[in-house]
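Remarks on the structure that follows.
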Amino acid sequence: MLLTILGGCGAWPAAGQACSGYLVEHDGFRLLVDLGYATVPRLLEQVSADQIDAVFISHGHPDHCADLSPLLRARAMRDDPPAPLPVYSLPGALDAVLALDRPGLLTDAYVLHEFTVGSGFDIGPFRAQTRLLPHSVPNAGIRLTAGERVLAYTGDSGPSPDRVELARGADLLLAEATYVNQVPEDSRRYLTSARQAGRQALEADARHLLLTHLQPGTDTPAARAAAGAGYDGEIGIATSGLIFDLS
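Last residue of the sequence shown? That's 247 in the UniProt record's numbering, and every number before it is there in order.
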């Protein structure tokens, strides 16, 4: 399983970066997990739009799904459009982004699969298991298994035992860590710090930890150090262009 980071900024993209977006590949199958602001230009540096096989969106905030619109346009507005793209999301999560274009323009560009959180299903060669994690809107964390490798991704979420269970024994935990040490009081139910993510990775016995969704301007060495205070495994920061091989 191969993970390419298209972007890892929280809220808005920093200069030269992008918001949450991840390309996961296995046995020639290409799955996009989230498509936040500015991710499609990074994606198109790697592959063409018609080479994507499926999309999974964790929740409906635009820093996680806004670039689904240009991806679908890039597939639909060509002389030889590919087959409809399977898109997996929670019910209603993509209503706003799919309503950006005039009715009918993108109708044949995608097939929407709205799933019940907590369910398991197959996406190509991946076995996907989802968990509802606490955020200001419904958010589905996902655990992807292919062969003997496991990737766990939290989307955006406050601290929860379910984050630990999602990542139990994973080869890689891709964890939202918007803040370094302290989450502002009004966001503590909905977001997580790097320090908390490190403790969760330790409790889950995850092999590697990759911090993502850092606010632009965050001191990344400080975030890595905060996570390392509670976790002694390998820690990285999700930035555009980073490639992680889970083999």
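A virtual CB, placed ideally from N, CA and C, is assigned to each residue, including glycine.
Query raised in the report: The alpha helix (DSSP H) spanning glutamate 203 covers which residue range?
Result: Counting from one through the sequence shown, the residue named residue 203 turns up at place 203. Here the alpha helix (DSSP H) through glutamate 203 covers 194–204.
Query raised in the report: Among residues of its own chain, excluding the 5 on either side of glutamate 25, which ones have a beta-carbon nearer than 6 Å to its beta-carbon?
Result: Translated into positions along the sequence shown, residue 25 becomes position 25. Excluding positions up to five away in sequence, the list reads Leu2.
Requested in this report: Just mark leucine 105 as buried or exposed, buried being the case when its beta carbon has 16 or more other beta carbons within 10 Å.
Outcome: In the sequence shown, counting from the first residue as 1, residue 105 sits at position 105. That one is exposed.
Requested in this report: Please confirm whether serine 20 and histidine 64 have their CB atoms less than 7 Å apart.
Outcome: In the sequence shown, residue 20 corresponds to position 20, counting from 1. In the sequence shown, residue 64 corresponds to position 64, counting from 1. Yes, they are a contact pair.
Report task. Could you tell me the distance, in whole angstroms, from the CA atom of alanine 128 to the CA atom of isoleucine 142? Result -> Along the sequence shown, read from residue 1 onward, the residue named residue 128 stands at position 128. Along the sequence shown, read from residue 1 onward, the residue named residue 142 stands at position 142. Going by the C-alpha atoms only, they are around 7 Å apart.
**Report entry** Beta-ladder partner(s) of cysteine 19, from DSSP
**Finding:** Counting from one through the sequence shown, the residue named residue 19 turns up at place 19. In the DSSP output, where bridge partners are listed per residue, cysteine 19 has Cys9.
Query raised in the report: Near leucine 43, what residues of its chain come up, given a Cβ to Cβ distance below 6 Å and the 5 sequence neighbours on each side ignored?
Result: What you label residue 43 is simply residue 43 of the sequence shown in a count that begins at 1. Here the set comprises Leu6.
Requested in this report: Go ahead and pull the three-state DSSP assignment for proline 72.
Outcome: On the sequence shown, position 72 is the one that residue 72 refers to. The question names proline, but residue 72 is leucine in the sequence shown. Here leucine 72 sits in helix by DSSP.
Query - C-alpha gap between aspartate 27 and valine 87, whole angstroms - result: As a working note, residue 27 is residue 27 in the sequence shown. As a working note, residue 87 is residue 87 in the sequence shown. Roughly 19 Å between the two C-alpha positions.
Query - Contact under 7 Å by Cβ, valine 40 with proline 70 - result: In the sequence shown, counting from the first residue as 1, residue 40 sits at position 40. In the sequence shown, counting from the first residue as 1, residue 70 sits at position 70. A contact, by the Cβ cut-off of 7 Å.
Query raised in the report: Does the distance from the CB of tyrosine 179 to the CB of serine 136 come in under 7 Å?
Result: For the purposes of this step, residue 179 is taken as residue 179 along the sequence shown, with counting starting at 1. For the purposes of this step, residue 136 is taken as residue 136 along the sequence shown, with counting starting at 1. Result no, Cβ atoms of tyrosine 179 and serine 136 do not sit closer than 7 Å.
Query - Between the CA atoms of cysteine 9 and alanine 223 - distance to the nearest angstrom - result: Residue mapping note: residue 223 aligns to position 223 of the sequence shown, counting from 1. Residue mapping note: residue 9 aligns to position 9 of the sequence shown, counting from 1. Spanning the two alpha carbons is a distance of roughly 13 Å.
Requested in this report: Report the partner residues of tyrosine 110 according to the DSSP bridge assignment.
Outcome: Residue mapping note: residue 110 aligns to position 110 of the sequence shown, counting from 1. Bridge partners of tyrosine 110: Leu85.
Query raised in the report: In terms of DSSP beta bridges, what is histidine 26 paired with?
Result: Taking the first residue of the sequence shown as position 1, residue 26 is located at position 26. Phe29.
Query raised in the report: Helix, strand or coil: how does DSSP classify glycine 158 here?
Result: Taking the sequence shown and counting its residues from 1, the one referred to as residue 158 is at position 158. In this structure, glycine 158 counts as coil in the three-state DSSP scheme.
Query - Spatially closest choice to glutamine 182 from Ala170, Asp171, Arg195, by CA coordinates - result: Position 182 of the sequence shown, counting from 1, holds the residue named residue 182. Comparing Cα positions, the closest option is Arg195.
Query raised in the report: Using the beta-carbon count (16 or more within 10 Å), is alanine 15 buried or exposed?
Result: Start at 1 with the first residue of the sequence shown, and residue 15 comes out as number 15. With fewer than 16 other Cβ atoms within 10 Å, it is exposed.
Query raised in the report: Run through DSSP, which three-state label would glycine 217 get?
Result: Translated into positions along the sequence shown, residue 217 becomes position 217. Correct three-state label for glycine 217: coil.
Query - DSSP state of residue 249 mapped onto helix, strand, coil - result: Outside the shown range of the chain (1 to 247) lies residue 249, about which nothing can therefore be said.
Report task. Classify valine 183 as helix, strand or coil using the three-state DSSP reduction. Result -> In the sequence shown, counting from the first residue as 1, residue 183 sits at position 183. Valine 183 falls in the coil class under three-state DSSP.
Query raised in the report: Just curious, the beta strand (DSSP E) that alanine 152 is in, first and last residue?
Result: Here residue 152 refers to the residue found at position 152 when the sequence shown is read from its first residue. Residues 149–153.
Query - Distance between histidine 213 and alanine 140 (C-alpha atoms, nearest Å) - result: Position 140 of the sequence shown, counted from the first residue, corresponds to residue 140. Position 213 of the sequence shown, counted from the first residue, corresponds to residue 213. Their Cα atoms are separated by approximately 15 Å.
Query raised in the report: Are alanine 109 and alanine 146 close, meaning C-beta to C-beta below 7 Å?
Result: Residue 109 sits at position 109 when you count from the first residue of the sequence shown. Residue 146 sits at position 146 when you count from the first residue of the sequence shown. No, the Cβ-Cβ distance between alanine 109 and alanine 146 is not below 7 Å.
Requested in this report: Give me the Cα-Cα distance between arginine 30 and aspartate 171, rounded to the nearest whole angstrom.
Outcome: Reading the sequence shown from its first residue, position 30 is the one you call residue 30. Reading the sequence shown from its first residue, position 171 is the one you call residue 171. Straight-line Cα distance between these residues: approximately 19 Å.
Query - Same chain, Cβ closer than 6 Å to leucine 202, five either side skipped, listed in chain order - result: On the sequence shown, residue 202 is found 202 positions in, with the first residue counted as 1. Hits under 6 Å: Gly230, Tyr231.
Requested in this report: Please go through the same chain and pick out, in chain order, the residues whose beta-carbon is closer than 6 Å to the beta-carbon of residue 249, but skip the five residues on each side of it.
Outcome: Examination of residue 249 is not possible in this model, given that the chain is present from 1 through 247 alone.
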